[in-house]
Structure formats: C-alpha cells, structure tokens
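Q: The numbering of the sequence shown is the numbering used here, which starts it at 922 and goes up by one.
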Amino acid sequence: MARFLRSRREALQPSDVGIFAGERRRTPGLRREEVAALSSMSADYYSRLERAGGPQPSEQMVASIAQGLHLSLDERDHLFSLAGYRPPASGRASDHVSPGMMRALDRLTDTPAEVSTELGETLRQTPLGAALTGDNTRFTGPARSIIYRWFTDERQRDLYPPDLHELHSRAFVSGLRVAVGRDGADSRAAHISSLLLEKSREFADYWDRYEIGVKMSEFKRLNHPEVGLLELNCQTLLDPERSHRLLIYTAVPGSESWEKLRLLSVIGVQQRG
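#1: Below 8 Å on the Cβ atoms is my contact criterion, and I expect L933 with L990 to pass it. Report the Cβ-Cβ distance as a whole number of Å.
#2: I'd like the span of the beta strand (DSSP E) that includes F925, first residue to last.
#3: Evaluate Y967 with the Cβ neighbour count: other Cβ atoms within 10 Å of its Cβ, from every protein chain shown; 16 or more gives buried, anything less gives exposed.
#4: Measuring CB atoms only, is the region 1072-1084 touching the region 1016-1036, in the sense that at least three cross pairs come out at less than 8 Å?
#5: Taking 9 Å as the cut-off, decide whether the C-beta atoms of I1169 and L1158 are in contact.
#6: Kindly list the residues whose CB is nearer than 7 Å to the CB of M962, restricted to its own chain and excluding five residues on each side of it in sequence; keep chain order.
#7: Put G1105 into one of helix, strand or coil per three-state DSSP.
#8: Quick check on the burial criterion: 16 or more other C-beta atoms within 10 angstroms. Buried or exposed for G1194?
#9: Return yes when the Cβ of L1044 is within less than 9 Å of the Cβ of H1165, no when it is not.
#10: Put Q1046 into one of helix, strand or coil per three-state DSSP.
#11: Buried or exposed, going by whether 16 or more other CB atoms sit within 10 Å of the CB of G1062?
#12: Report yes if the C-beta distance between G1189 and P1048 is below 9 Å; otherwise report no.
#13: Which residues in the same chain as A870 place their Cβ atom closer than 8 Å to its Cβ, once the five residues preceding and following it in sequence are excluded?
#14: Going straight from the alpha carbon of R947 to that of V938, what length do you get?
#15: Between G1050 and L1153, what straight-line distance do the alpha-carbon atoms span, to the nearest angstrom?
#16: Determine the direct distance from the alpha carbon of L1097 to that of G975, and round the result to whole angstroms.
#17: Using the Cβ count rule (16 or more neighbours within 10 Å means buried), how would you classify E1042?
#18: Grab the span of the alpha helix (DSSP H) containing D937 for me, first residue to last.
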C-alpha cells in the first residue's frame, strides 16, 4: 500500500488539483503534505502510511485518501484491497467523485461550487461554496441529504426566501420519488423516504400527490446571513455513471450579487446549523 500511495502521489501534478507549483519544487508530483490536506488528514499520519509505519487506516480514511489522490474507481478499489477492506459499491450508490469532476472542481477556486449526489448529499465543496451555503459535508447519516434536512430541520430553509419553499419541497419529493422507483426498496432513496414519511406530515402530503418532473429554476435567490440577498445562476454538470452533480453558482459581473460574492470570499465559511 505504501508503494502504491507513493506512486499515485508522484504521478499527480500540482496543476491537476489546482495547486500553484512554484519554482523550487523538487518533489515529483505532489508533496506529502499536499496530499494530506486534500485528504483531510495530518501530514504526519499520511507520511507514516507512505513509509509503511503507520496503523492500518480506517475505511473512511482510505476513502478520503482515494479522493484526495483523484483515483479512478479501479485504483480506489485496489487501494481498499491493499488496506484489507472490501471495495465499496460503485455506480449510483458510490460517493467517490470521478477524477474528471474533481479536476473541474479544483479549478473553481474563486467560485461557489459543490459536488453532490442526486439525493442532495454534498461530497465536495469549494471554499466559497461552503461560505455560501455552509459546510454541508459535515453531516452524517440520513442528514447528509438536503432532502432529509429540508423536512426535519427548519433552519435549513433560512437560506431561501419563503416564497420558494413550496417549490423546493415539491421538487425534492418529486426527485426522491423518481430515485425510489428506479433503485428499489433497498436503496438509500427508499430509506430516506421511509424515514420522512414517519417524521414529516408535510413530506407525506407531498408524497401522496405523486408528482414527477418538478424542477427548480436555474435562477437562485439566497438569503445569506452575512451579505443578504444574492441572485445567482446555478449551472449543473452531470456525471451520468454515478449520478453526481457539479453545481456552479455565478453572478452577473459587476452586479450587486457579484460584489457580495467577492465580499463573501473574504468573510469565509459561516458555521450554521
């Protein structure tokens, strides 16, 4: 595993992950501390893994390293096997973001953007994306899904003007119903829908309507607690193999919302419930 990690690190160039290489770089590929930062772990811990001197990493750690190194699915599965674990599911159930989508996200350093599943589970965010909507990667269990949070935590609606709440509710339920119908009773979508039918009368009412194809507008209005109302366009790029979506928020250059995004890049991430 140590040799495999080192070979993948040395094959990954700084430009592949949006890092400025500088003039005095002697290390081929990325530095260990850069991979550690991309994998959300300490540089010392990652360095010990490459030297075959650290403890066996957990499955969560292996998944983080695979994502940080921008591994393909085959490479990710190989890393899991080397670490002594069964590779996780691929296809629609996979949380592993493809290298191509990761490279696209890495280049959006000055833009709010995130990669999410079709269930609204945020997998990766740019710093400005987290500043705009909050750090949505921190949630665990069913709460990873914005659909689940929307119907179980009223604070999740604070970001959106009240006149948009009904459309959001209908669109979330419509999308979830499509996922359940396609993926079946044992799917993550079905698990979330079952929980919400128990917890939310509002969700149950919309679920009984059997609406399909309800969509949100690409034009977004967001009430940010620090900078106020923003009017943004949201463009979506789809990875059909995994049903992952890259959401990119932009404002008209020179507009009031454009200036607010610039201010938000200075303010940074706001911790909200």
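Positions of the beta carbon are idealized from the N, C-alpha and C atoms, including for glycine.
A: Quick look at the numbers:
#1: 6 Å
#2: Run containing F925: none in the beta strand (DSSP E); it sits in the alpha helix (DSSP H), 923-932.
#3: buried
#4: no
#5: yes
#6: M982, S985
#7: coil
#8: Since pLDDT at G1194 reaches only 40, below the 50 mark, its modelled position is unreliable, and the value read off the structure follows with that caveat. It counts as exposed.
#9: yes
#10: strand
#11: exposed
#12: yes
#13: Only positions 922 to 1194 of the chain appear in this structure, which leaves residue 870 out of reach.
#14: 18 Å
#15: 13 Å
#16: 42 Å
#17: buried
#18: First-last for D937: undefined, no H or E at that position.
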